[in-house]
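Colleague: This is the structure I want to talk about, given as structure tokens.
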Amino acid sequence: MSGIRIHQSREDCWVRRILRHLYLTYRSRALYIPHEHAEQARQAQAAWKEFWDVACALAAENHEHLRERMQGQEPAARRRSANG
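Given below as structure tokens:
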């Protein structure tokens, strides 16, 4: 997961219960999302999650492809010492 979350405050303060504040959090940071932008923020978070999943899958595929290519080769240090 990308680590970006959207959540509503759940404190007991009556104002917070009525207004249902929305925050975007990443690591130790939080950003208040005004009510009128809540749906847009949720869509942006969903798009980011989709991008993150695709990027991680691509990175894993690239890593596997590189590992397969390198598996049949000698380590670079041995090739240099044999030539020199």
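Counting from 1 along the sequence shown, just add 51 to a position and that's the residue number in my numbering.
Note that the Cβ used here is the ideal one computed from N, Cα and C, for glycine as well.
Keep in mind that this is a model prediction, so the values were computed, not measured.
Pop quiz: arginine 75 and glutamine 96 are said to be a contact at Cβ under 8 Å. What is the actual Cβ separation, rounded to whole angstroms?
Modeller: Within the sequence shown, the letter at position 24 stands for residue 75. Within the sequence shown, the letter at position 45 stands for residue 96. In the sequence as displayed, the identity of residue 75 is leucine instead of arginine. The pair is a contact, with the Cβ atoms about 7 Å apart (cut-off 8 Å).
Colleague: Tell me, to the nearest whole angstrom, how far the beta carbon of leucine 150 is from that of alanine 89; I am working on the premise that it is less than 8 Å.
Modeller: Any property of residue 150 remains undetermined from this structure, which presents the chain solely from 52 to 135.
Colleague: Tell me the residue span of the beta strand (DSSP E) that contains arginine 80.
Modeller: For the purposes of this step, residue 80 is taken as residue 29 along the sequence shown, with counting starting at 1. Looking at the DSSP string, the run of the beta strand (DSSP E) that includes arginine 80 is 80 to 84.
Colleague: Have a look at phenylalanine 102 and glutamine 124 and give me their C-alpha separation to the nearest angstrom.
Modeller: In the sequence shown, residue 102 corresponds to position 51, counting from 1. In the sequence shown, residue 124 corresponds to position 73, counting from 1. The alpha-carbon atoms of phenylalanine 102 and glutamine 124 are separated by roughly 34 Å.
Colleague: Between the Cα of isoleucine 84 and those of Tyr77, Ala92 and Arg120, spot the shortest distance and give me the residue it belongs to.
Modeller: Locating residue 84 in the sequence shown gives position 33, counting from the first residue. With distances taken between Cα atoms, isoleucine 84 lies closest to Ala92.
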